[in-house]
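Report on the following structure.
Numbering (this note's numbering), first residue to last: 13 to 45.
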């Protein structure tokens, strides 16, 4: 039970980080071009 919650938390955090990374990279590309 606790392991499942930890996995869900890490997955959610990873998704958030990936989303933030893609947003920042796209913003940087928009500024460069």
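C-beta: ideal position from N, C-alpha, C; glycine also.
### Task
Closer than 6 angstroms by C-beta to residue 24: which residues in its own chain qualify, once you throw out the five before and the five after it? Chain order, please.
none
### Message
Tell me the DSSP secondary structure of residue 13 in three-state form.
### Response
coil
### Task
Under 8 angstroms Cβ to Cβ from residue 13, same chain only, skipping five residues before and after it: list those, please.
none
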